[in-house]
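S.K.:
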Amino acid sequence: MTMRGAHVQIGAIQAAWDQVSILRSGADERQWLTLSERIAAATALYGTRELLRGTVLLIDGALNQIGAGQSAGKQFAERFTKKLMDKVVQWAEVVDRADLPMVRQVVEVAFEGRDPVAWRDQAGPVPDSEPRAMTCALALIVDFVDSVDGPGACERALLTGLGNALD
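Mapping of the sequence shown onto this note's numbering: position 54 corresponds to residue 54, and the numbering continues sequentially without gaps.
1) Could you give the C-beta distance for A137 and L84, rounded to a whole number, given that I count them as a contact under 8 Å?
2) Assuming V117 and R53 are in contact, meaning their beta carbons sit under 8 Å apart, how far apart are those beta carbons, in whole angstroms?
3) Quick test of your reading: V88 and V103, contact by CB under 8 Å. State the CB separation rounded to the nearest angstrom.
4) Are there 16 or more other CB atoms within 10 angstroms of the CB of L51, so buried, or fewer, so exposed?
5) Taking all protein chains shown into account, do 16 or more other C-beta atoms lie within 10 angstroms of the C-beta of R194, making it buried, or fewer, making it exposed?
6) Can you give me the Cβ contacts of V95 inside the same chain, cut-off strictly under 8 Å, excluding the 5 residues immediately before and after it?
7) Which term fits G61, buried or exposed, when burial requires 16 or more other beta carbons within 10 angstroms of its beta carbon?
8) Under 8 Å Cβ to Cβ from R38, same chain only, skipping five residues before and after it: list those, please.
9) Give me, in chain order, the residues of the same chain whose beta-carbon lies closer than 8 Å to that of Q70; leave out the 5 immediate sequence neighbours on both sides.
10) Work out the CA separation of A42 and I22 for me, nearest whole Å.
11) On the DSSP letters alone, give me the boundaries of the alpha helix (DSSP H) that G150 sits inside.
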């Protein structure tokens, strides 16, 4: 699938969303098994790098819902990015601090209206820990969008955007 010039496998995007769904589901272990199986299958088929690309694509889509890419929001983008990084750090048991600059840069690129998937592709090798940091950032962004626009709003908007990209 292609969005904003970046081509990402649809199965990798779905697995990236599944990872976020696990993080957001809390203690609902019934969901975890099905989602974990889909994530494992997509990882085997596409690899972790493609799942990371799917996560970055979803970060871009979620940030677009709060004004990323619009020239008027520089102060908001700076405040939002700082707050997001502060919250990602709180996931110290999952997130390696060394990955935070990459997460920050992906978010900043999205807010600038550039293609964060293409930017990440050019930024060098992907450490094993980076997908976890990106997934945590995406979960926090989705939580923010849903707190502003209502439960499930981010997922609905992302699905609409993905559907439009497939047309």
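Quick reminder that beta carbons are idealized off the backbone N, C-alpha and C, glycines included. Nothing here was measured: the structure is a model prediction, and the numbers come from that model.
M.R.: A quick look at the data gives this:
1) 6 Å
2) 5 Å
3) At roughly 6 Å, the Cβ-Cβ gap stays under 8 Å, so V88 and V103 are in contact.
4) Looking at its Cβ environment, which holds 16 or more other Cβ atoms inside 10 Å, L51 is buried.
5) Beyond the ends of the chain as shown, which are 1 and 167, falls residue 194; an answer cannot be given.
6) V88, V89, S129, R132, A133, C136
7) buried
8) Q14, A15, D18
9) The residues are G113.
10) 15 Å
11) That residue, G150, is in no alpha helix (DSSP H); it is neither H nor E in DSSP.
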